[in-house]
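Chains as they are written, first to last, in my numbering: chain A, 197 to 331; chain B, 197 to 331; chain C, 197 to 331; chain D, 197 to 331. For every residue, glycine included, the Cβ atom is placed at its ideal position computed from N, Cα and C. Keep in mind that this is a model prediction, so the values were computed, not measured. Single-structure report; data block below.
Number of protein chains: 4
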Amino acid sequence: MDRAALTAFLARDFSQVAGDFAVERADEAGVTLRLRAGEQHLRPGGTVSGPAMFALADVAFYLAILSRIGPVALAVTTNASIDFMRKPAAGCDLLAEARVLKPGRVLAVGDVMIFSEGQPEPVARAGMTYSIPPR
Amino acid sequence: MDRAALTAFLARDFSQVAGDFAVERADEAGVTLRLRAGEQHLRPGGTVSGPAMFALADVAFYLAILSRIGPVALAVTTNASIDFMRKPAAGCDLLAEARVLKPGRVLAVGDVMIFSEGQPEPVARAGMTYSIPPR
Amino acid sequence: MDRAALTAFLARDFSQVAGDFAVERADEAGVTLRLRAGEQHLRPGGTVSGPAMFALADVAFYLAILSRIGPVALAVTTNASIDFMRKPAAGCDLLAEARVLKPGRVLAVGDVMIFSEGQPEPVARAGMTYSIPPR
Amino acid sequence: MDRAALTAFLARDFSQVAGDFAVERADEAGVTLRLRAGEQHLRPGGTVSGPAMFALADVAFYLAILSRIGPVALAVTTNASIDFMRKPAAGCDLLAEARVLKPGRVLAVGDVMIFSEGQPEPVARAGMTYSIPPR
């Protein structure tokens, strides 16, 4: 699935949150997903909250799987380990770069790096595992 | 901080999401926090989403720290590792049981077990680390 | 598999390291495994090293799976997330308490708490996932 | 600290295991550490064991910290989350590429990717956090 196909998938299957995200890139190397930072993502102080970053990592990695193996409904996260390293810049979108390191038949494993837009240092890093349902 | 103090803290410092949660218990052993499952927490299929469970674990553990060391603003999550083990029951609140295993001066470490209300088997389990700001 | 069966399994299938460990308990609630702390497990300062604690957690959780589902060769660790919370007491054995929270058909998920013998506070805590081969 | 300084540090402070490892590279981008796979690292089947990979990731990341901030005794691992993705190739050394993503004053956070020598696909991936003692 390419960028347009992932965008359409997001709009159809995740309509509740599709407006929060934009697929910036989808190629062999992985997927870059933007979080359009809005009021509902902020914690006191105006920076994006941990749960909003978790959601960004989770969706970005899901799309990275789909870009590799095609539309798979019912794939579910089984493990996520996330390090929050820096406070995101206030008033900034976040960009998540997700890649699949092992596109297995049963488990897909990969990682996600999250940046405040325009900043070189990552704000968070996650290792993710999804369980892929049998065909 | 006891149950009433934690509830007041939540209402004041997390007013955006305080209505989603209820402190059920707060004692020496830890804190039990309820997620009042609403539309905004559900994924396709009607079960609570991963990011909503992450938010529940994160808030529950934060309150467990406060119950041990008193009101500390600016404590932040540095690491969370979460295993999603079972699909939550549809139409059910979730209950998170959080405990602090190490109430350190610099880092607080603990874990959280999440259940669908009334079900004996956990739906998720998380290890959490918070950084505590110097006094 | 009970304590005697697990001990025999360890001696046969992990003969290289079986002498390092002793099964203290194996029942419905899980497995307690002792690490007989020796020179090869210590880091400078005389306390048990991180990798030795990792090995203890890994073997303890493997035995906890076997105690639930019987002898399964080729089960492999897919994820481990470990928090090192306190320095182990010097000159002390370690005890790991492992339990299976989800004895799934494909994935077994659980956790392990590690103590210095005779100390009430845990030194480390791990979340573990094993992949179970198809029968 | 450069490659020669890290090698000397390893020989002096980790004399028990220094012979297992070789520093292949140490520069701005991070450290590459070789595990000279020997009998003591193998599990049944002849591939490197999980605990040996954990030890490799742990030492590689420690050296990556030292290469950035100089010789710091007493830095300790506080969290490690490791995904084992593929069985290592039998009879092969492993190479770990470690980088520091956040060289903080209190916590250093980064990741490690482990390969069988000569293979393009990683066998394991770890997120690591070390606590840095006050100067």
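Alpha-carbon spacing of residue i relative to residue j, whole angstroms
i	j	result
A222/A	V308/A	14 Å
A318/C	S312/C	Residue identity check: residue 318/C is Pro in the sequence provided, not Ala. Spanning the two alpha carbons is a distance of roughly 7 Å.
A320/A	A207/C	43 Å
R199/D	R230/D	12 Å
D279/D	M249/A	21 Å
V219/B	A253/B	13 Å
F217/B	A271/B	19 Å
G234/A	A285/A	13 Å
P330/B	R301/B	8 Å
R232/B	S277/B	23 Å
G306/D	G323/D	6 Å
P247/A	A204/D	43 Å
R282/B	I310/B	10 Å
G287/D	N275/B	35 Å
M197/C	Y258/C	12 Å
S327/D	Q315/D	32 Å
Q236/D	V255/D	17 Å
A260/B	A260/D	34 Å
A251/B	A251/A	10 Å
L238/D	L238/C	20 Å
Bounding residues of the alpha helix (DSSP H) (the contiguous stretch that carries residue i)
i	result
A251/A	246-265
D209/B	199-209
9 Å Cβ cutoff met for residue i and residue j
i	j	result
L262/D	L303/D	no
T325/A	T325/C	yes
N-terminal and C-terminal residue of the beta strand (DSSP E) that residue i is part of
i	result
R331/C	Where R331/C is concerned, there is no enclosing beta strand (DSSP E), given that its DSSP letter is neither H nor E.
A225/C	Element bounds for A225/C: n/a, residue is neither H nor E.
F280/A	272-280
F311/A	303-312
A294/D	290-299
Residue i beta carbon near the ligand ZN (any heavy atom closer than 8 Å)
i	result
A286/B	For the ligand ZN, the structure offers nothing, since it holds no ligand at all.
> How about the stretch 296-307 of chain A and the stretch 203-220 of chain B: do they share at least three Cβ pairs that are nearer than 8 Å?
Replying inline: no
>> Under 8 Å: do the stretch 284-292 of chain B and the stretch 227-242 of chain B share three or more Cβ pairs, one atom per stretch?
In response: Counting C-beta pairs with one atom in each stretch, the stretch 284-292 of chain B and the stretch 227-242 of chain B have three or more that are closer than 8 Å, which means they touch.
> Quick one: any contact between the stretch 239-248 of chain C and the stretch 254-271 of chain B, if contact means 3 or more CB pairs under 8 Å?
Replying inline: no
>> Can you pull out the residues from the stretch 260-277 of chain B whose beta carbon lies closer than 8 Å to at least one beta carbon of chain A?
In response: V272, T273, T274, N275, A276, S277
> Which of the residues in the stretch 233-261 of chain A, read from start to end, lie with their CB under 7 Å from any CB of chain B?
Replying inline: Residues passing the 7 Å Cβ filter: P240, G246, P247, F250, A251, D254.
> What residues in the stretch 312-331 of chain D have a beta carbon less than 7 Å from any beta carbon of chain A?
Replying inline: Cβ contacts with chain A come from P318, R321, G323, T325.
> Listed from N- to C-terminal order along the chain, which residues in the stretch 283-304 of chain C have their beta-carbon within a distance smaller than 8 Å of any beta-carbon of chain A?
Replying inline: The stretch 283-304 of chain C vs chain A, Cβ under 8 Å: V302, L303.
>> Using a Cβ-Cβ cutoff of 7 Å, what residues of the stretch 204-218 of chain A are near chain B? List them in chain order.
In response: D209
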